[in-house]
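Asker:
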Amino acid sequence: MSRSGRDPGTRLKNTKGRTASQARWLQRQLNDPYVKKAKADGYRSRAAYKLIELDDKFGLVKGSRRVVDLGVAPGGWTQVVRQRAPQAGVVGIDLLPTDPIEGAILFEMDFMADEAPDALMEALGGRPDLVICDMAANTVGHKQTDHLRTMGLVETAVDFAVHNLSKGGAFVAKVFAGGTDPGLLNILKRHFTAVKHAKPPASRKDSSEWYVIAQGFKGTVAELEAKEEG
Ligand SMILES: C[S@@+](CC[C@H](N)C(=O)[O-])C[C@H]1O[C@@H](n2cnc3c(N)ncnc32)[C@H](O)[C@@H]1O
């Protein structure tokens, strides 16, 4: 304890060989209650709690049969899905390798690659009822570039969801800087009965990340057009 009576948390004793920002990141990790909790609860990432909190609020996971996890590594979200919907088959994709998770098929592949959507759908064996996307582009420090790159990932995730979800399905994605842009929001509103934004408590306050939650999938583009014509 410090003299002020406040617990100063774990201090890094040796910062040698680390840049100031690496030292700050490590210090924050060491003192983050979600990091400690994830270790104790057996989750591979603190991100697991973001899905837990979103699920508690919006009721997304229970009862799912087929789930796609975009940006799966290291696997926290898929662990939560498997716990909350043990009957669900999960197919995940990431640029990075992900250690095996029982009940999940994991691709080490770029989701932006042309062959990725077909590979995911083939592995799934039917339409997903939930598509979750926690992908984040590696930041380069240039705000506009970082924003555009992450929005590119989200756009592709939305496109995948609206072409493949089964009726009544749901979509969740990480978005930045004040939520989804108007064009994307319009697409989501056309295809889902409810579209909301949320920042779960586990999402760091100093991060600009938010999540968009779209529920009640009305149908694919072809299905909606056929309905309008008929
Ligand atoms: C915040 S992490 C996901 C954490 C995960 N939800 C969990 O609970 O463990 C974001 C992930 O998105 C992945 N990613 C970024 N761009 C990608 C792309 N084009 N294709 C596939 N994965 C990508 C990164 O490699 C990274 O592992």
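Under the working numbering, the first residue of the sequence shown is numbered 208, with each subsequent residue one higher.
Think of the CB as a built atom: it goes at the ideal place given N, C-alpha and C, for glycine as much as any other residue.
1) For the alpha helix (DSSP H) that V242 lies in, which residues bound it at each end?
2) Can we count L302 as close to ligand 1, meaning its CB is less than 7 angstroms from some heavy atom?
3) Curious, which full-length alpha helix (DSSP H) runs of at least 4 residues does the stretch 339-374 contain?
4) Which stretch, first to last residue, makes up the beta strand (DSSP E) that contains L303?
5) Out of A433, A401, G270, M358, which one is the CA nearest neighbour of G423?
6) Indicate the three-state DSSP secondary structure (helix, strand or coil) for V428 in the structure shown.
7) Using 8 angstroms as the threshold, is the C-beta distance between G310 and R289 below it?
8) If you measure between the beta carbons of E315 and P304, is that distance less than 8 angstroms?
9) Please return the same chain residues whose Cβ sits closer than 6 angstroms to the Cβ of I259, not counting the five positions on each side in sequence.
10) Does the beta-carbon distance from K381 to M342 come in below 8 angstroms?
11) Determine the burial state of A285: buried for a count of at least 16 other Cβ atoms within 10 Å of its Cβ, exposed for fewer.
12) What do you reckon, is the C-beta of M342 under 7 angstroms from a heavy atom of ligand 1?
13) Terminal residues of the continuous beta strand (DSSP E) containing E315?
14) Have a look at V347 and D353 and give me their C-alpha separation to the nearest angstrom.
15) Distance check for Q236 and F378, CA to CA, integer angstroms please.
16) So, under 8 angstroms CB-CB, L327 and V275 are touching, yes? Tell me the CB distance rounded to an integer number of Å.
17) For the alpha helix (DSSP H) that V268 lies in, which residues bound it at each end?
18) Just checking R251 against ligand 1 - is the residue's beta carbon closer than 7 angstroms to any of the ligand's heavy atoms?
19) Grab the span of the alpha helix (DSSP H) containing A409 for me, first residue to last.
20) Rounding to the nearest angstrom, what Cα-Cα distance links K264 and K257 in this structure?
21) Hey, is D366 close to ligand 1, as in C-beta under 7 angstroms from one of its heavy atoms?
Answerer: Concretely, from the data shown:
1) 240-248
2) yes
3) 350-371
4) Per DSSP, L303 belongs to no beta strand (DSSP E) and is neither H nor E.
5) A401
6) helix
7) yes
8) yes
9) V287
10) yes
11) The amino acid occupying residue 285 in the given sequence is Thr; Ala does not appear at that position. Buried, by the Cβ-count rule.
12) yes
13) 311-315
14) 6 angstroms
15) 29 angstroms
16) 6 angstroms
17) It is not in any alpha helix (DSSP H) - V268 carries neither H nor E in the DSSP assignment.
18) yes
19) Per DSSP, A409 belongs to no alpha helix (DSSP H) and is neither H nor E.
20) 11 angstroms
21) no
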